[in-house]
Each structure stands twice: as structure tokens, then as C-alpha cells.
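Colleague:
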Amino acid sequence: MIPSRRVFRVFLVFLGCAWLAALWAEAQSSAQTGKKLKLYISVDMEGVAGVVTADQLGTAGFEYERFRHFMTNETLAAIHTAKESGATEVVISDSHGNGESLLIDEFPKDVRIVRSWPRHGGMMAGLDSSFDAALFIGYHASTTNIRGVRAHTFSSAHLTRVALNGNAVTEGEFNAAFAGALGVPVIFASGDDAAMEELKSRLGKIETAETKKSLGFHSAETITPEASCERITAGVKAALKRLGDFKPYVVKMPVMLEISFKNYTPAEMLSYLRSVQRVDSHTIRFVGKDMGEVSDFVDVVDGYSADLAP
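As numbered in numbering that gives the first Met the number 0, residues 0 to 309 make up the sequence shown, in order.
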């Protein structure tokens, strides 16, 4: 027997009320459990829109002060989008140069910023397993890439290769492995086309924002700072919409680290350490129990000087 229209309408109203009640209960449950979304944002400068030379990157450069603003604005684009998407806690890592490039007075008051060196964890200092995801802003290609604006790995002045378990890595891949060891996935990155291609080839289908196309080590076809912020906004929003799709990037442990130097003396001297093997005239090998130990070793190698003061 076919029910009357009136009965059918009552039935629809009942279903609608039940659906609304379920939504209300879910909202109440979320509020009671106090579910948090905790994000870590590591920020470099070489991948920021418009950056091509030391004129933008160092404190002595005539464009540095302007580009600190552009770097900060790209970071703010990620922060605002993250908060609009539900982030309840955001930690920023100032990871370029002296670690004091970001204009922290322009950030929301509830954001925390990691600044200066040395610090355990390097570009990922302060990250732990309580974070839900990590994002990279202003990243660049590796020192072994024949393309990429200001392409290097940790030190353009001293290193020619950094490898994990036999594979040459970018700073982004190294940092993703550090995060992955803590169970934290990398979900987004911004930088030039070469850097983004490298990262996606290793980390999989992360969301990216291309800020410029590399034309050489010191040249690029760049978009404007405003356009870059718009791309970062769109990319971060897309990444957080599919947060559950990302998996931590994990390398096998113990981790075999290899570092190649431009000069042979560092390799010779470091091989005096019993834990270090000299692989060839310019390369050393160190095996760390985990990415934390490997990260600390890299920081010592790259940052130690006998005349450090104070």
C-alpha cells in the first residue's frame, strides 16, 4: 500500500530532525573531547617568491629587509589558512641564515616561534610526536640538483652532498625524515619548481605551491609576492582538507649518513673520530641510531668552529 503524502512528509521531517540531532551530538562530543590540530611550519628563504641572489638573503643585501617582509607574509598566509581550517596550535621555525629573519611582531599572538642557533632538531627544532603535520615554506632544491635557485643542502659554502642510507637528499627530505621518525607527516611545501619536483619525487603527492621557475642558480622567472601568498593559501587549504591521506616519511634505522665536503681537510679531520669513517677524499660516513642523532651530528659538522664565542 502506498503511504499518503502527509505521512511521507512527517517521515521526512522525522529523518531531518534525527540527522540534525546526530550532528549536534557530534559537535558536542568534539567540544567535550577538545580535539586539537597542532601544526609545525618550517620556514626557509631561498624558495620565497622573487629571491634569486644574496641581495635578498643576507643581512648585508640591499633587498634583505624588503624580502624579510615577503618571507613573513608567505608564512602568514600559511598560518591564517591553517587557523581558518581548524588549527588550534601553530609553531613556526625560523630556519634561514641566522634564524632571525621572520618579523615575529606581525604574527598572531598565540603563535610560537623557534629562533636562532644552535638547537637540537635544526630546521625542525621543537617538533615532537604531538604534532599532526608539518609544512615547509620557502624551501629550495638540493646541492646535487643541476637546477634550482640557490640550490644547496644545509651549507652552500661547504657541502656538496648529504645522503641518508645511500640516497642524496634535499633539506626538505632530510627534515621530512626527521618528522617521520616522530610519526609526523609533511603535507605541504612551497618553493621553486625544481625544489617541488624533488620533494614530490621522494615524499609522494604532497600539496605544493610553486613560487618561481628556476632559470639558473641565480635567476628565475618569479610570480609576485601577492600571487605567491595566494598559491600558498590554496595549497595549505587543500592539504588540510585531506589531512588523513598523508603518511609520515620514514627512513630505515639505524640511519647511515654520508656528507661530502668541497674541501678535503674537514673529511680528514672528522675521520679522527672513532664513530666516523672516511669514505673517500671528500666524504665521511656516520651511522646514527635515529634521525635525532643524525640531525645533531649534521649540526655539529656544519656549525662547529674552534673559535666559537662566547
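Every residue gets a Cβ at the ideal spot worked out from N, C-alpha and C, and that includes glycine.
Taking the beta carbon of Tyr303 as the centre, do at least 16 other beta carbons fall within 10 Å, making it buried, or is it exposed?
Modeller: Along the sequence shown, one-based indexing puts residue 303 at 304. So Tyr303 ends up on the exposed side.
Colleague: Does the contact criterion of 3 or more C-beta pairs under 8 Å hold for the segment 181–199 versus the segment 270–280?
Modeller: These segments do not touch.
Colleague: Counting along the chain, where does the alpha helix (DSSP H) carrying Asp192 start and finish?
Modeller: Numbered from 1 along the sequence shown, position 193 holds the residue referred to as residue 192. Counting along the chain, the alpha helix (DSSP H) containing Asp192 begins and ends at 192–202.
Colleague: For Asp279, which residues does DSSP report across the bridge?
Modeller: Here residue 279 refers to the residue found at position 280 when the sequence shown is read from its first residue. Thr282, per the DSSP bridge assignment.
Colleague: Buried or exposed for Asp301, going by 16 or more other Cβ atoms inside 10 Å?
Modeller: On the sequence shown, residue 301 is found 302 positions in, with the first residue counted as 1. With 16 or more other Cβ atoms within 10 Å, it is buried.
Colleague: Please report how far the alpha carbon of Thr223 lies from the alpha carbon of Ile205, in whole angstroms.
Modeller: Walking along the sequence shown from the start, residue 223 turns up at place 224. Walking along the sequence shown from the start, residue 205 turns up at place 206. Each residue's Cα considered, the two are about 23 Å apart.
Colleague: Starting from the C-beta of Leu181, find all residues in its chain whose C-beta is less than 7 Å away, skip the five residues before and the five after it, and write them out in chain order.
Modeller: Taking the sequence shown and counting its residues from 1, one reaches residue 181 at position 182. The residues are Leu126, Asp127, Ser128.
Colleague: Between the C-alpha atoms of Val293 and Phe130, what's the straight-line distance to the nearest angstrom?
Modeller: Along the sequence shown, one-based indexing puts residue 293 at 294. Along the sequence shown, one-based indexing puts residue 130 at 131. Near 21 Å, if we compare the C-alpha coordinates of Phe130 and Val293.
Colleague: Which one or two residues does DSSP pair with Asn166 in a beta bridge?
Modeller: Mapped onto the sequence shown, residue 166 falls at position 167. BP columns for Asn166 point to Leu163.
Colleague: Given a threshold of 16 other Cβ atoms within 10 Å of its Cβ, counted over all protein chains shown, does Asn262 qualify as buried or as exposed?
Modeller: Counting from 1 along the sequence shown, the entry for residue 262 is found at position 263. It is exposed - the Cβ of Asn262 has fewer than 16 other Cβ atoms within 10 Å.
Colleague: By Cβ distance below 7 Å, which residues in the same chain neighbour Ser94 in space, the five residues on each side in sequence not counted?
Modeller: Numbered from its first residue, the sequence shown carries residue 94 at position 95. Excluding positions up to five away in sequence, the list reads Ser41, Val42, Asp43, Met122.
Colleague: Would you report the Cα separation of Tyr63 and Ala150, rounded to the nearest angstrom?
Modeller: Translated into the one-based positions of the sequence shown, residue 63 becomes position 64. Translated into the one-based positions of the sequence shown, residue 150 becomes position 151. Near 19 Å, if we compare the C-alpha coordinates of Ala150 and Tyr63.
Colleague: Can you tell me whether Lys288 is buried or exposed, with buried defined as 16 or more other CB within 10 angstroms of its CB?
Modeller: Here residue 288 refers to the residue found at position 289 when the sequence shown is read from its first residue. Exposed, by the Cβ-count rule.
Colleague: According to the neighbour-count rule (16 or more other Cβ atoms, all chains shown, within 10 Å of its Cβ), is Leu307 buried or exposed?
Modeller: Reading the sequence shown from its first residue, position 308 is the one you call residue 307. Classification for Leu307: exposed.
Colleague: For Thr232, which residues in the same chain have their Cβ closer than 6 Å to its Cβ, ignoring the five residues on either side in sequence?
Modeller: As a first step, residue 232 must be located in the sequence shown, where it is residue number 233. Taken in chain order, the residues that qualify are Ala76, Thr80.
Colleague: If you follow the alpha helix (DSSP H) that Phe296 is in, where does it begin and where does it stop?
Modeller: One-based indexing of the sequence shown puts residue 296 at position 297. First-last of the alpha helix (DSSP H) with Phe296: 290–302.
Colleague: With burial defined as no fewer than 16 other Cβ atoms inside 10 Å of the residue's Cβ, what is the status of Thr264: buried or exposed?
Modeller: In the sequence shown, residue 264 corresponds to position 265, counting from 1. Thr264 should be labelled exposed.
Colleague: How about Val235 and Val148: do their beta carbons lie closer than 8 Å?
Modeller: Your numbering for residue 235 matches position 236 in the sequence shown. Your numbering for residue 148 matches position 149 in the sequence shown. No, Cβ-Cβ distance for Val235 and Val148 is not below 8 Å.
Colleague: With Ser41 as the anchor, note down where its beta strand (DSSP E) starts and where it stops.
Modeller: Here residue 41 is taken as the residue at index 42 of the sequence shown, counted from 1. Note, Ser41: beta strand (DSSP E), 37–42.
Colleague: Name the DSSP bridge partner or partners of Val113?
Modeller: In the sequence shown, counting from the first residue as 1, residue 113 sits at position 114. DSSP, once it has assigned bridges, lists Ser92 as partnering Val113.
Colleague: Check whether the Cβ atoms of Val47 and Phe66 sit closer than 8 Å, and answer yes or no.
Modeller: Taking the sequence shown and counting its residues from 1, the one referred to as residue 47 is at position 48. Taking the sequence shown and counting its residues from 1, the one referred to as residue 66 is at position 67. Taking 8 Å as the Cβ cut-off, Val47 and Phe66 qualify as a contacting pair.
Colleague: Strictly under 8 Å for the Cβ-Cβ distance: is Lys261 near chain C by that measure?
Modeller: Within the model displayed, chain C is absent; a lone protein chain is all it includes.
Colleague: How far does the beta strand (DSSP E) with Met345 in it extend, from its first residue to its last?
Modeller: Outside the displayed span of the chain (0 to 309) sits residue 345, for which this structure offers no information.
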